[in-house]
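First the structure, in the form of structure tokens, and then the observations on it.
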Amino acid sequence: MLSVGIVGLPNVGKSTLFQALTKKQVNIANFPFCTIDPNVGVVEVPDQRLEQLAAVSRSAQIIPTAIEFYDIAGLVAGASQGEGLGNQFLASIREVDAILQVVRAFTDQKITHVSGQPDPAKDTEIINLELVLKDLETVLQHLPKIQKNAQRGDRDAQAQLPLLEKLNRHLQQGQPARTLMFADKEKQYLKTLNLLSAKPVIYLVNRAANKPALNYPQNLTPVLEIDIGLENELGELPPAEAQTMRQALPCAKNGLDEVISLCYIILELETFFTTGEKETRAWTVKKGARAPQAAGKIHTDFERGFIRAEVVAWDQLVKAQGWNGTREKGLVRTEGKEYVVRDGDVIIFKTAT
Numbered sequence: 408m409l410s411v412g413i414v415g416l417p418n419v420g421k422s423t424l425f426q427a428l429t430k431k432q433v434n435i436a437n438f439p440f441c442t443i444d445p446n447v448g449v450v451e452v453p454d455q456r457l458e459q460l461a462a463v464s465r466s467a468q469i470i471p472t473a474i475e476f477y478d479i480a481g482l483v484a485g486a487s488q489g490e491g492l493g494n495q496f497l498a499s500i501r502e503v504d505a506i507l508q509v510v511r512a513f514t515d516q517k518i519t520h521v522s523g524q525p526d527p528a529k530d531t532e533i534i535n536l537e538l539v540l541k542d543l544e545t546v547l548q549h550l551p552k553i554q555k556n557a558q559r560g561d562r563d564a565q566a567q568l569p570l571l572e573k574l575n576r577h578l579q580q581g582q583p584a585r586t587l588m589f590a591d592k593e594k595q596y597l598k599t600l601n602l603l604s605a606k607p608v609i610y611l612v613n614r615a616a617n618k619p620a621l622n623y624p625q626n627l628t629p630v631l632e633i634d635i636g637l638e639n640e641l642g643e644l645p646p647a648e649a650q651t652m653r654q655a656l657p658c659a660k661n662g663l664d665e666v667i668s669l670c671y672i673i674l675e676l677e678t679f680f681t682t683g684e685k686e687t688r689a690w691t692v693k694k695g696a697r698a699p700q701a702a703g704k705i706h707t708d709f710e711r712g713f714i715r716a717e718v719v720a721w722d723q724l725v726k727a728q729g730w731n732g733t734r735e736k737g738l739v740r741t742e743g744k745e746y747v748v749r750d751g752d753v754i755i756f757k758t759a760t
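Note that the working numbering has the sequence shown beginning at 408, numbered continuously upward.
Here it is as structure tokens:
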């Protein structure tokens, strides 16, 4: 399961967001570093297609796909040198696949800020710079050995050296690794470095609905604005009551659903489905995954024994009222090992096992 780390300065709303997302009680206290070990929660990815597929298949059970969220301790300036809980914070980020950076864009004298007053531009700069500095440390640790091996004629080292030198120059300028372009072979080596600033980032601006929002940098992308405290409160109400209250808000969208969906997108994931009387289920694959890889998500034996896949688009299956209808209309396609799975495919795998 792929994971997202919720990061930011202390007291910006990270743990409140985690609680709202997972409905898991965590320690939300008004002082820095109340979160030491990262809380972990599994969150369902909202997908309205599941209900429609389950209805036509008369499924007994619906199983959505999910993302794992980590609530990570607050970071402060100097974390890359061990300030605050810096080493633990940065080690936790290494374990996740993407970063959800919470930026506080409201003032409240009852909620302390590590620097006195929130400053979204400065706060985001602190987080991003600390990740870059830690990556620079990693690159500089690797460079001497790679340079030495390259001089000795080691072909792998000779191939890796230009990448490390390019990374070194880029990081020295304070730029995150994710803003560099990499060739496919470079990407493979980049993964072994596990650089923090190479991970995809979503910026979540935490603004209070009843207070003016502080200005934040306009170059943050992708970015979402939500009132985390309000979303947490709405999450504790019965669904019907929460929906009624949402209708009275300037924006009736469920902010948490938007957060989860954007995390899914930034991780470059796609969903395919299996559906029948027993269950309708969503499965996650990386974009570009081929049919055998998708089959392996269900069971590793399915990937090894893959023969073919019967595929239909989810909306076609719903419109035709199930598998029998799609077959009668000739909508089911037979695909082989080279088929690239598309988001929304409903698949039956045929295997040798």
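Think of the CB as a built atom: it goes at the ideal place given N, C-alpha and C, for glycine as much as any other residue.
Review point. Which two residues bound the contiguous alpha helix (DSSP H) that contains G732?
Key: As a working note, residue 732 is residue 325 in the sequence shown. Looking at the DSSP string, the run of the alpha helix (DSSP H) that includes G732 is 730 to 735.
Exercise for review: Buried or exposed for V449, please, with buried defined as at least 16 other CB atoms from any protein chain shown within 10 angstroms of its CB.
Suggested key: Start at 1 with the first residue of the sequence shown, and residue 449 comes out as number 42. By the Cβ-count criterion, V449 is exposed, with fewer than 16 other Cβ atoms from all chains shown falling within 10 Å of its own Cβ.
Practice item. Please determine if the stretch 635 to 646 and the stretch 548 to 555 are in contact, where contact requires at least 3 C-beta pairs separated by less than 8 Å. Key: Flag = no, the stretch 635 to 646 and the stretch 548 to 555 do not touch.
Review point. Less than 9 Å separating the beta-carbons of T678 and T691?
Key: Numbered from 1 along the sequence shown, position 271 holds the residue referred to as residue 678. Numbered from 1 along the sequence shown, position 284 holds the residue referred to as residue 691. Between T678 and T691, the C-beta spacing is below 9 Å.
Exercise for review: Just the C-alpha distance for L409 and F589, rounded to the nearest angstrom, thanks.
Suggested key: Walking along the sequence shown from the start, residue 409 turns up at place 2. Walking along the sequence shown from the start, residue 589 turns up at place 182. For L409 and F589, the distance between alpha carbons rounds to 22 Å.
Practice item. Give the straight-line distance between the Cα atoms of E661 and L621, rounded to the nearest whole angstrom. Key: The residue you call residue 661 lines up with position 254 of the sequence shown. The residue you call residue 621 lines up with position 214 of the sequence shown. At residue 661 the sequence reads Asn, which differs from the Glu that was named. Cα atoms of N661 and L621: separation of roughly 22 Å, rounded to the nearest angstrom.
Practice item. Would you kindly report the start and end of the unbroken alpha helix (DSSP H) that includes V725? Key: Numbered from 1 along the sequence shown, position 318 holds the residue referred to as residue 725. Counting along the chain, the alpha helix (DSSP H) containing V725 begins and ends at 721 to 726.
Check your understanding: Helix, strand or coil for A436 per DSSP?
Key -> To locate residue 436, count along the sequence shown from 1; it is residue 29. Below a pLDDT of 50, predicted positions are generally treated as unreliable, and A436, at 47, falls in that range; the measurement from the model is reported next regardless. In the three-state reduction of the DSSP assignment, A436 falls in the coil class.
Review point. Could you give the uninterrupted runs of the beta strand (DSSP E) lying entirely in the stretch 559 to 644, keeping only those of 3 residues or more?
Key: 608 to 613, 630 to 633, all fully within the stretch 559 to 644.
Review point. Since L460 contacts T682 with CB under 8 Å, what's their CB separation in whole angstroms?
Key: Residue mapping note: residue 460 aligns to position 53 of the sequence shown, counting from 1. Residue mapping note: residue 682 aligns to position 275 of the sequence shown, counting from 1. Between L460 and T682 a beta carbon distance of about 5 Å is seen, short of the 8 Å cut, so the two are scored as contacting.
Check your understanding: What do you get for A759, buried or exposed, if any count of 16 or more other CB atoms within 10 angstroms of its CB means buried?
Key -> The count along the sequence shown starts at 1 and reaches residue 759 at position 352. Counting Cβ neighbours within 10 Å, A759 comes out exposed, since fewer than 16 surround it.
Practice item. In angstroms with no decimal places, state the Cα-to-Cα distance between K618 and A512. Key: Residue mapping note: residue 618 aligns to position 211 of the sequence shown, counting from 1. Residue mapping note: residue 512 aligns to position 105 of the sequence shown, counting from 1. Using only the alpha carbons, I get a separation of about 10 Å.
Practice item. Give the single residue among I469, A467, Y477, K736 whose Cα lies nearest to the Cα of N446. Key: Taking the first residue of the sequence shown as position 1, residue 446 is located at position 39. Among I469, A467, Y477, K736, the Cα nearest to that of N446 belongs to Y477.
Check your understanding: Exposed or buried, which one is G415 when buried takes at least 16 other CB atoms within 10 Å?
Key -> Within the sequence shown, residue 415 is the residue found at index 8, counting from 1. It counts as buried.
**Study point:** C658, buried or exposed, once every other Cβ within 10 Å from all chains shown has been counted against 16
**Key:** Here residue 658 corresponds to residue number 251 of the sequence shown, with the count starting at 1. So C658 ends up on the exposed side.
Check your understanding: What are the boundary residues of the alpha helix (DSSP H) that D664 is part of?
Key -> Walking along the sequence shown from the start, residue 664 turns up at place 257. Segment 662 to 673, the alpha helix (DSSP H) holding D664.
Practice item. Return the CA-CA distance between F680 and V503, expressed in angstroms with no decimal places. Key: Start at 1 with the first residue of the sequence shown, and residue 680 comes out as number 273. Start at 1 with the first residue of the sequence shown, and residue 503 comes out as number 96. Here the alpha carbon of F680 sits roughly 25 Å from the alpha carbon of V503.
Practice item. Rounded to whole angstroms, what's the CA-CA distance from R778 to R585? Just pull it up for me. Key: Residue 778 is absent from the model: the chain starts at 408 and stops at 760.
Check your understanding: For G491, which three-state DSSP category applies?
Key -> Counted from its first residue, the sequence shown places residue 491 at position 84. Residue placement at G491 is poorly supported in this model, since its pLDDT is 48, which falls under 50; the coordinates are not used for a value here.
**Study point:** C-beta atoms of L602 and L627 nearer than 9 Å
**Key:** Along the sequence shown, one-based indexing puts residue 602 at 195. Along the sequence shown, one-based indexing puts residue 627 at 220. No, they are not a contact pair.
Check your understanding: Counting along the chain, where does the alpha helix (DSSP H) carrying R456 start and finish?
Key -> As a first step, residue 456 is located in the sequence shown; it is residue number 49 there, counting from the start. Taken as a continuous stretch (DSSP letters only), the alpha helix (DSSP H) holding R456 covers 456 to 464.
Check your understanding: What are the boundary residues of the beta strand (DSSP E) that T687 is part of?
Key -> By 1-based counting over the sequence shown, the position of residue 687 is 280. Counting along the chain, the beta strand (DSSP E) containing T687 begins and ends at 687 to 693.
Review point. Three-state secondary structure (DSSP) at N446?
Key: Locating residue 446 in the sequence shown gives position 39, where the first residue counts as 1. Of the three classes helix, strand and coil, the one that applies to N446 here is strand, per DSSP.
Exercise for review: Give the straight-line distance between the Cα atoms of Q426 and I635, rounded to the nearest whole angstrom.
Suggested key: Taking the first residue of the sequence shown as 1, we reach residue 426 at position 19. Taking the first residue of the sequence shown as 1, we reach residue 635 at position 228. About 10 Å.
**Study point:** Residues that L676 bridges to, as DSSP identifies them
**Key:** Taking the first residue of the sequence shown as 1, we reach residue 676 at position 269. The partner list for L676 (beta bridge, DSSP) reads K693.
Review point. Under the rule that 16 or more other beta-carbon atoms within 10 Å means buried, what is G737, buried or exposed?
Key: By 1-based counting over the sequence shown, the position of residue 737 is 330. Counting Cβ neighbours within 10 Å, G737 comes out exposed, since fewer than 16 surround it.
Exercise for review: Please report the residue range of the alpha helix (DSSP H) in which A702 lies.
Suggested key: What you label residue 702 is simply residue 295 of the sequence shown in a count that begins at 1. Where A702 is concerned, the enclosing alpha helix (DSSP H) stretches over 698 to 705.
Review point. Tell me which same chain residues have a C-beta within less than 6 Å of the C-beta of V725, skipping the five on either side of it?
Key: As a first step, residue 725 must be located in the sequence shown, where it is residue number 318. Closer than 6 Å at the Cβ level, and outside the excluded window around V725, lie Q459, V463.
**Study point:** Alpha-carbon to alpha-carbon, R614 and G420
**Key:** For the purposes of this step, residue 420 is identified with residue 13 of the sequence shown, where counting begins at 1. For the purposes of this step, residue 614 is identified with residue 207 of the sequence shown, where counting begins at 1. In this model, G420 and R614 are separated by some 10 Å (Cα to Cα).
Review point. Leaving out the 5 sequence neighbours to the left and right, which residues in its chain are closer than 6 Å to K757 when beta-carbon positions are compared?
Key: In the sequence shown, residue 757 corresponds to position 350, counting from 1. The beta carbon of K757 sits closer than 6 Å to the beta carbons of I714, R715 from its chain, once the five residues preceding and following it are set aside; these are given in chain order.
Check your understanding: Span of the alpha helix (DSSP H) holding S422?
Key -> Residue 422 sits at position 15 when you count from the first residue of the sequence shown. Per DSSP, S422 belongs to the alpha helix (DSSP H) from 421 to 429.
Point to revise | For Y671 and A696, the rounded distance between their alpha carbons | key: For the purposes of this step, residue 696 is identified with residue 289 of the sequence shown, where counting begins at 1. For the purposes of this step, residue 671 is identified with residue 264 of the sequence shown, where counting begins at 1. Their Cα atoms are separated by approximately 15 Å.
Review point. Nearest to V739 by alpha carbon, out of I755, E675, E532?
Key: Numbered from its first residue, the sequence shown carries residue 739 at position 332. Comparing alpha-carbon positions, the option among I755, E675, E532 lying closest to V739 turns out to be I755.
Check your understanding: Among I500, A616, G712, L587, which residue has its Cα nearest to the Cα of T514?
Key -> As a position in the sequence shown, residue 514 is number 107, starting the count at 1. For T514, the nearest C-alpha among the options comes from A616.
Review point. If you draw a straight line from the C-alpha of L611 to the C-alpha of P629, how long is it?
Key: To locate residue 611, count along the sequence shown from 1; it is residue 204. To locate residue 629, count along the sequence shown from 1; it is residue 222. Spanning the two alpha carbons is a distance of roughly 9 Å.
Practice item. State the Cα-Cα distance for the pair I518 and D526, rounded to the nearest angstrom. Key: In the sequence shown, residue 518 corresponds to position 111, counting from 1. In the sequence shown, residue 526 corresponds to position 119, counting from 1. For I518 and D526, the gap between their C-alpha atoms comes out near 14 Å.
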